[in-house]
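Residues in the sequence shown are numbered consecutively from 1, following our numbering.
Each residue gets a CB set at the ideal place from its N, CA and C atoms; glycine is no exception.
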Amino acid sequence: METQSYTPKHSVKIVTATSLFDGHDASINIMRRILQDSGAEVIHIGHNRSAKEVVDAAIE
């Protein structure tokens with residue numbers, strides 16, 4: 001059985017960030033690559049970011 005891939009109507013943009021040395025650095029990079037390969041724009045704003053910084057980046 002052949003599966004069809006999903007194609008969104010609008011471009012997909014995702015903001016990511018991590019806490020400083022929380023152990024998720026490698027996994028966030030893997031997810032970023034998978035999402036980018038699927039056509040999404042991924043903006044990684046770095047380490048040790050507050051919730052407000054993530055929200056501000058998403059709004060921008």
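Beta-ladder partner(s) of residue i, from DSSP
i, result
"Ile14", "Val42"
The alpha helix (DSSP H) enclosing residue i, as first and last residue numbers
i, result
"Asn29", "Asp25 to Asp37"
"Glu2", "Glu2 -> no alpha helix (DSSP H), and no H or E assigned at all."
"Glu53", "Ala51 to Ile59"
Whether residue i touches residue j by CB criterion (9 Å)
i, j, result
"Leu35", "Val54", "no"
"Ala25", "His47", "The displayed chain sequence assigns Asp, not Ala, to residue 25. Taking 9 Å as the Cβ cut-off, Asp25 and His47 qualify as a contacting pair."
ask   = Three or more C-beta pairs closer than 8 Å, one from the stretch 6-22 and one from the stretch 40-56: is that the case here?
value = Enough Cβ pairs lie closer than 8 Å, so yes.
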